[in-house]
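Here is the structure we will look at.
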DNA sequence: CCATAACTCCCGGATTTCCGGGATTGCGCG
DNA sequence: CGCGCAATCCCGGAAATCCGGGAGTTATGG
């Protein structure tokens, strides 16, 4: 756990992404890692992810051009956890048929570049507009796996806390340059924060989330179909949703309904 | 930075929220704090905020019944920051008219209970659905302010990281209690455990969750509408879903897609 | 007591989904 | 080398949705 304070002070002094990259590289080399790769995974469908890395350019190029950001099995895990984990702890999907899932291709490609395991540190952050960021930083080490695991136990906390401050700084610098989208927008295009749905609107959305159609819900709630339709339209409007599915998804993510 | 490992190991051993509360209390007492208060601030309008605290019951009761969660000046700050801060660093609103702002009332009430300053640790984390939570944990210390500030500098990193693991564990315990996956049934009526979707099926579901129609998705993925339709139908079948909305919701709850 | 908002119900037409059938290609394992 | 499956594409009709209008009733708080 040595050198954390110094590393963080160094990070907070950085003004550019390049300086930041160097600072982190120095920190991780002191801990026996060879490379790192930072990916912003906030927008799951985005084609051009923010990727800051010191991995070999060939690997970075293949990762980008192969569209691995859409199938990398580590990213969904990182989007649902808050603490570090390593590659070997993530079960790969079963091979259904004869075709290789993208997740498996990704891991095989990584192995081809010499990376058999990685320490993944997820990071979640809100900016001053309430926009949600999720990022992941993977640390690579080319040595033996057993050695890796012992290193993981010793250093994951130190790396975790250093990375928290590093990622925050990276996002600050990045957001100064770029206007990034928010995951959920209202009808006017502003980030959705607090939406007040009425009791009935939540009822109707919940039943929709359980797979019920408007006629179904009308029957369940003993109301006319038109009423259900009206509630749904109001809810969609408030949530800035394009359709029923969108409205239900937004309501779930905003914690407005439970299904 | 002493004792972090031990604290985190203790936290990760906890099985209940009560045990978790005790573990955190022990950790902070070792650092000179007397109480803590954890508040989930994700849904600003919620009347019943999640509040886990070891503060005196009288203070907790007054905080709840007084509706302080709606006016507590620390909460908006916590929703926009990612690093620890303390009460004295937050400027209070000026008194405009005759009426005391709720923010001032909150702080006066805290003082009446003996709390003149607090170390506030904001943190943002995701649950197993990928939903974003903003929470705040305030640590109290009854000693002199000068001593408090020096403690703040020494211990904020340690407390920050301990809390992250604490929150992760809290989320895990919560979702285990809800026992979500078994609530979804497959087409034959058996509990859905694991559904294997293909890469394309997941793509199509994800875009549906982002509010895209079949024509939209066809355009995005450069495929024909019929193909999108076919993938969607296969996905609905595998998930035992009644319609698109149902399929997307199930896929989200099963952790199969990211929106 | 009046304004506001929630809740309820109605019409009609355009669009989208749902679902029953298909079909072809390409892949990789046994 | 065939089997099974992912992935692509096609048709047509019934059902549900989306969205533009409305309009009446009930509660509630200032």
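Residue numbers (this note's numbering), protein chains in the order written: chain A, 401 to 659; chain B, 401 to 659.
For every residue, glycine included, the Cβ atom is placed at its ideal position computed from N, Cα and C.
Suppose contacts are defined by Cβ-Cβ distances below 9 angstroms. Is residue i in contact with residue j by that definition?
| i | j | result |
| --- | --- | --- |
| residue 513 of chain B | residue 458 of chain B | yes |
| residue 565 of chain A | residue 442 of chain A | no |
| residue 558 of chain B | residue 520 of chain B | no |
| residue 506 of chain B | residue 468 of chain B | yes |
| residue 423 of chain A | residue 414 of chain A | yes |
| residue 643 of chain A | residue 613 of chain B | yes |
| residue 419 of chain B | residue 562 of chain B | no |
| residue 606 of chain B | residue 410 of chain A | no |
| residue 530 of chain A | residue 641 of chain B | no |
| residue 432 of chain B | residue 551 of chain B | yes |
| residue 528 of chain B | residue 572 of chain B | yes |
| residue 604 of chain A | residue 635 of chain A | yes |
| residue 628 of chain B | residue 652 of chain A | no |
From residue i to residue j, what does the alpha carbon distance come to, in whole angstroms?
| i | j | result |
| --- | --- | --- |
| residue 650 of chain B | residue 510 of chain B | 44 angstroms |
| residue 553 of chain B | residue 609 of chain A | 47 angstroms |
| residue 501 of chain A | residue 470 of chain A | 11 angstroms |
| residue 536 of chain A | residue 526 of chain B | 13 angstroms |
| residue 404 of chain A | residue 449 of chain A | 29 angstroms |
| residue 517 of chain A | residue 601 of chain B | 28 angstroms |
| residue 496 of chain B | residue 503 of chain B | Bear in mind that the predicted position of residue 496 of chain B carries a pLDDT of just 49, short of 50, making it unreliable; the figure below should be weighed with that in mind. Cα to Cα, residue 496 of chain B sits roughly 12 angstroms from residue 503 of chain B. |
| residue 587 of chain A | residue 646 of chain A | 12 angstroms |
| residue 484 of chain A | residue 437 of chain A | 14 angstroms |
| residue 392 of chain A | residue 435 of chain A | This structure cannot settle anything about residue 392 of chain A, because the visible part of chain A is limited to 401 through 659. |
| residue 487 of chain B | residue 555 of chain B | 16 angstroms |
| residue 631 of chain A | residue 617 of chain A | 11 angstroms |
| residue 656 of chain A | residue 637 of chain A | 15 angstroms |
| residue 451 of chain B | residue 439 of chain B | 5 angstroms |
| residue 491 of chain A | residue 626 of chain A | 47 angstroms |
| residue 598 of chain B | residue 639 of chain B | 12 angstroms |
| residue 474 of chain B | residue 522 of chain B | 10 angstroms |
| residue 480 of chain A | residue 447 of chain A | 20 angstroms |
| residue 595 of chain B | residue 648 of chain B | 13 angstroms |
| residue 462 of chain B | residue 489 of chain B | 24 angstroms |
| residue 476 of chain B | residue 524 of chain B | 13 angstroms |
| residue 417 of chain B | residue 454 of chain B | 12 angstroms |
| residue 575 of chain A | residue 659 of chain B | 21 angstroms |
| residue 464 of chain B | residue 421 of chain B | 19 angstroms |
| residue 615 of chain B | residue 508 of chain A | 34 angstroms |
| residue 412 of chain B | residue 622 of chain B | 46 angstroms |
| residue 498 of chain B | residue 472 of chain B | Since pLDDT at residue 498 of chain B reaches only 48, below the 50 mark, its modelled position is unreliable, and the value read off the structure follows with that caveat. Near 19 angstroms, if we compare the C-alpha coordinates of residue 472 of chain B and residue 498 of chain B. |
| residue 583 of chain A | residue 620 of chain B | 17 angstroms |
| residue 515 of chain A | residue 624 of chain A | 60 angstroms |
| residue 633 of chain B | residue 577 of chain B | 32 angstroms |
Can you name the start and end residues of the beta strand (DSSP E) that residue i belongs to?
| i | result |
| --- | --- |
| residue 489 of chain B | Unbroken run through residue 489 of chain B: none, as it is neither H nor E. |
| residue 512 of chain A | Where residue 512 of chain A is concerned, there is no enclosing beta strand (DSSP E), although the alpha helix (DSSP H) it sits in stretches over 502-512. |
| residue 451 of chain A | 451-453 |
| residue 657 of chain B | Element bounds for residue 657 of chain B: n/a, residue is neither H nor E. |
| residue 435 of chain B | 435-440 |
Go to residue i, then tell me how far its alpha helix (DSSP H) extends in each direction, as first and last residue.
| i | result |
| --- | --- |
| residue 457 of chain B | 457-465 |
| residue 616 of chain B | 614-621 |
| residue 518 of chain A | Run containing residue 518 of chain A: none in the alpha helix (DSSP H); it sits in the beta strand (DSSP E), 518-526. |
| residue 477 of chain B | 474-478 |
| residue 635 of chain A | 625-639 |
| residue 409 of chain A | 404-413 |
| residue 599 of chain B | 599-609 |
| residue 585 of chain A | Counting along the chain, residue 585 of chain A falls outside any alpha helix (DSSP H), and DSSP gives it neither H nor E. |
| residue 420 of chain B | 417-429 |
Give the residues of chain A in contact with residue i, contact being defined as C-beta atoms less than 7 angstroms apart.
| i | result |
| --- | --- |
| residue 561 of chain B | 557, 560, 561 |
| residue 565 of chain B | 483 |
| residue 513 of chain B | Per Cβ cutoff of 7 angstroms: no residues; residue 513 of chain B is ~29 angstroms from chain A at best. |
| residue 631 of chain B | By Cβ distance, chain A contributes nothing, its closest Cβ being about 14 angstroms from residue 631 of chain B, past 7 angstroms. |
Give me the chain B residues within the contact set of residue i, using Cβ-Cβ distance strictly less than 9 angstroms, ordered along the chain.
| i | result |
| --- | --- |
| residue 472 of chain A | Result: empty, since nearest Cβ-Cβ is about 11 angstroms, beyond 9 angstroms. |
| residue 534 of chain A | 526, 530, 532 |
| residue 476 of chain A | 530, 655, 656, 657, 658 |
Note down, in chain order, every chain A residue with its Cβ under 8 angstroms from the Cβ of residue i.
| i | result |
| --- | --- |
| residue 659 of chain B | 444, 583, 649, 653 |
| residue 643 of chain B | 611, 613 |
| residue 607 of chain B | 445 |
| residue 568 of chain B | 481, 482, 483 |
Report yes if the C-beta of residue i is less than 8 angstroms from at least one heavy atom of the ligand ADP; otherwise report no.
| i | result |
| --- | --- |
| residue 539 of chain A | The model depicted lacks the ligand ADP and carries no ligand whatsoever. |
Output, in chain order, the set of chain A residues within a Cβ distance shorter than 9 angstroms of residue i.
| i | result |
| --- | --- |
| residue 480 of chain B | 526, 527, 528, 529, 530 |
| residue 425 of chain B | Under the 9 angstroms cutoff, chain A gives no residues; its nearest Cβ is about 21 angstroms from residue 425 of chain B. |
| residue 634 of chain B | Result: empty, since nearest Cβ-Cβ is about 12 angstroms, beyond 9 angstroms. |
Mind pulling the chain B residues with CB within less than 7 angstroms of residue i?
| i | result |
| --- | --- |
| residue 502 of chain A | 599 |
Can you name the residues of chain B whose CB is closer than 8 angstroms to the CB of residue i?
| i | result |
| --- | --- |
| residue 486 of chain A | Here the premise fails: no neighbours, minimum Cβ distance about 16 angstroms. |
Point to revise | Continuous beta strand (DSSP E) assignments of at least 3 residues falling wholly in the region 528-567 of chain B | key: 532-540
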